[in-house]
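*Asks:* Below is the structure I would like to discuss, written out as structure tokens.
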Amino acid sequence: MSTASAPVPAPPEPATRADRVTWLDTFRGLSIALVVLGHVLGGLAFASFVSESGKQWLWAAYDLLYTFRMPAMFLASGLFAARSLRRGLPRFLGDKTRTLAYPYLVWSLIGWVGLSAASGLANNQADPLTPLKMLVDPMQGVWFLYVLFVVMAGYGLWAAMGGSARGFLAAGALLHGVVPFWEAAPSMLVQVALFAVYFGMGLVLAEHVRAIGNRLTPRLLLLVVPSSFALMKGAVALGLDEVPALDLVPALLGTAGMFGVAMLIDRLPGVEALRYFGRNSLQIYVAGGHGSVATRIALHKVLGISALGTHIALGTVAGLVLPLVLVAACEAVGFRYLFAWPKPEGDGADRAASAGARRHPGRVVGVPSP
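Count the sequence shown with our numbering and you get residues 32 to 401, in order.
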């Protein structure tokens, strides 16, 4: 199954930068860059000006990325969920409604309106029933927010009833192995069953992530990363990614490789730019696809450019940069409702977010990553 991907959610801002596991910031930046690339590849695969051989190549690249990218994002989300829940279930659910459910609804409607307005120019046509369907059927383009909200809410209720992280992982594994065999399963349940298990793995690994990062030296990572991706590609070649339960194998191998890449490049100069993308992952996720689509239409319809390399490069750059321009515009006019519902004024956490925004210019005040 191929579905537009999404970014990994950001953790709360730490008390000091010394306490921060910086490679996780780098991972989020790498993730959102791959998300935008995936949007570009998937969009071009449907474009009429791309040859059949080109479409086959695009789908192969897209599907290979999708094998590990989404599992890695849900796993990373689980790494920080338990810490968020320490503030209590009502606060936890309220925060997730503000930063996941709200932007899902807003940007689903924006996407629907944009698709309706671009009828005849975009690859797909707008469904007039989308405003109703999106409440029960995750909408492509922003589906990650919907599914992550359901998983987060489920975990919050599970923990409130005394359930453990390992128990949630076991429940997720059961869903992952059983639901694919239910042909009439609702779309939302299918998505939750596919990814809740990775979220559960993040919960279990949360207390060990710093130690794991400390033990993996650059020399060891240079062995782990290519080995992980090579084994993942071999598992995909064997078709394991299409087999329920066994699809965990290539997904986890690719996830290990992706985290390893983040640890390696975290040691390189200039990586702060990638972390900046990660700190704005929500904004880039919801708006980046629109920037990439607009760029594809402009290149082909206006400039007459059909070269795949040009479309991939410029579409990816536009998907990363244009959302940040939108972030800056929102800051300039003081509009705080485009990417999340703001925290109440006077909230202590809101003041901390304001301080964080001053430390990281370009981040909308009061609007964290999901």
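Positions of the beta carbon are idealized from the N, C-alpha and C atoms, including for glycine. Note that this is a predicted model, so its numbers are computed, not measured.
#1: Run through DSSP, which three-state label would M101 get?
#2: Which whole runs of the alpha helix (DSSP H) in the segment 203 to 247 are 4 residues long or more, in chain order?
#3: Mind the definition here: the segment 76 to 91 touches the segment 207 to 220 only if three or more C-beta pairs lie below 8 Å; say whether that holds.
#4: Have a look at D278, L75, G208, R122 and flag the residue whose alpha-carbon is nearest the alpha-carbon of P102.
#5: Excluding the 5 residues flanking A184 on each side, which residues of the same chain have their C-beta closer than 7 Å to its C-beta?
#6: Once DSSP output is grouped into helix, strand and coil, what is the label at F199?
#7: Quick one: what does DSSP say F80 is sitting in, helix, strand or coil?
#8: Straight-line CA distance for G270 to W174?
#9: Give a yes or no on whether the C-beta atoms belonging to P169 and V317 are separated by under 9 Å.
#10: I need the straight-line Cα distance from L30 to T248, nearest angstrom please.
#11: For R357, report the span of its alpha helix (DSSP H) as first-last.
#12: Could you tell me whether the Cβ atoms of R310 and G145 are closer together than 9 Å?
#13: Could you give the DSSP three-state label for G319: helix, strand or coil?
#14: Sorry if obvious, but does the Cβ on R241 come closer than 8 Å to a heavy atom of the ligand ADP?
#15: If you draw a straight line from the C-alpha of V235 to the C-alpha of R250, how long is it?
#16: Quick one: give me the first and last residue of the alpha helix (DSSP H) that E303 is part of.
#17: Just checking my contact of L252 with M294 at CB under 8 Å: how many whole Å lie between their CB atoms?
#18: Check this for me: beta carbons of I141 and G319, under 9 Å apart or not?
*Replies:* On the basis of the coordinates in this document:
#1: helix
#2: 218 to 236, 240 to 246
#3: no
#4: Of the listed residues, the one whose Cα sits closest to P102 is D278.
#5: L124, K127
#6: In the structure shown, F199 sits in a helix (DSSP, three-state: H, G or I).
#7: coil
#8: 25 Å
#9: no
#10: What the structure shows of the chain is the stretch from 32 to 401, and residue 30 is not part of that stretch, so it cannot be assessed.
#11: In the sequence as presented, Arg is not what sits at residue 357; that position holds Leu. From DSSP, the alpha helix (DSSP H) with L357 extends over 339 to 364.
#12: no
#13: helix
#14: In the structure on display, the ligand ADP does not appear, and there are no ligands present to speak of.
#15: 27 Å
#16: Per DSSP, E303 belongs to the alpha helix (DSSP H) from 303 to 310.
#17: 6 Å
#18: no
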